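A.B. asks: Here it is, the structure in full.
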Amino acid sequence: GESAKNACCACGGGDSGYGKGVYYMKSMNTGEYVGIYKLTSPHVRMSDNLWSPYIKIEIVPLVNNEYALMSHRYGDRFISIKEDGSVRSYHVVGDWERFKII
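Below, the structure is given as structure tokens:
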């Protein structure tokens, strides 16, 4: 099980390494960071520029230990994994914009 310190992160407490907050998501394969770019296509791209304002991703708690991955810059774009495996961004949270942190 999870310690009480880490288990409560979704309600605002807990260890900062878990749950909600603003993060940089780095690919262990390429060393690049995930970014949401609202005005370019595709909206979700990789960048090696750590200073880019587009690569801050906010983890937003939902229900049932599910989370949405939101652009910290825009606040209205969420990472979306579509049925065909493509990665995009969308302006609302539906089934394709929900994630579990395991």
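Converting from the sequence shown to the numbering used here requires adding 936 to each position, the first position being numbered 1.
Where a beta carbon is used, it is the ideal one built from N, C-alpha and C, also for glycine.
On a predicted model such as this, the values are computed, not experimentally measured, just so you know.
1) Look at the Cβ atom of V1013, then the Cβ atom of I1038, and state whether they are nearer than 9 Å.
2) If you draw a straight line from the C-alpha of M982 to the C-alpha of L998, how long is it?
3) Taking the alpha carbon of G957 as the point to measure from, which residue in V996, G967 and P978 has its own alpha carbon closest?
4) Using DSSP's beta-bridge definition, name the partner residues of K992.
5) Around the C-beta of L986, are 16 or more other C-beta atoms found within 10 angstroms, so that it is buried, or is it exposed?
6) Can you tell which of G1030, T976, E1002 and G1011 has the C-alpha that lies nearest to the C-alpha of E1019?
7) To the nearest angstrom, how far is it from the Cα of N1001 to the Cα of E994?
8) Between G1016 and W1032, which are expected to be in contact by the criterion C-beta below 8 Å, what is the C-beta distance as a whole number of angstroms?
C.D. replies: The structure says:
1) Your numbering for residue 1013 matches position 77 in the sequence shown. Your numbering for residue 1038 matches position 102 in the sequence shown. Reading the sequence as shown, one finds Arg at residue 1013 and not Val. No.
2) Position 46 of the sequence shown, counting from 1, holds the residue named residue 982. Position 62 of the sequence shown, counting from 1, holds the residue named residue 998. For M982 and L998, the distance between alpha carbons rounds to 25 Å.
3) The count along the sequence shown starts at 1 and reaches residue 957 at position 21. With distances taken between Cα atoms, G957 lies closest to V996.
4) Locating residue 992 in the sequence shown gives position 56, where the first residue counts as 1. Answer is Y960, bridged to K992.
5) Within the sequence shown, the letter at position 50 stands for residue 986. Exposed is the call here.
6) Here residue 1019 is taken as the residue at index 83 of the sequence shown, counted from 1. With distances taken between Cα atoms, E1019 lies closest to G1030.
7) Here residue 1001 refers to the residue found at position 65 when the sequence shown is read from its first residue. Here residue 994 refers to the residue found at position 58 when the sequence shown is read from its first residue. N1001 and E994: Cα-Cα distance of roughly 16 Å.
8) Here the question's residue 1016 lines up with position 80 in the sequence shown. Here the question's residue 1032 lines up with position 96 in the sequence shown. The sequence shown places Ser at residue 1016, not Gly. That pair is a contact at about 5 Å.
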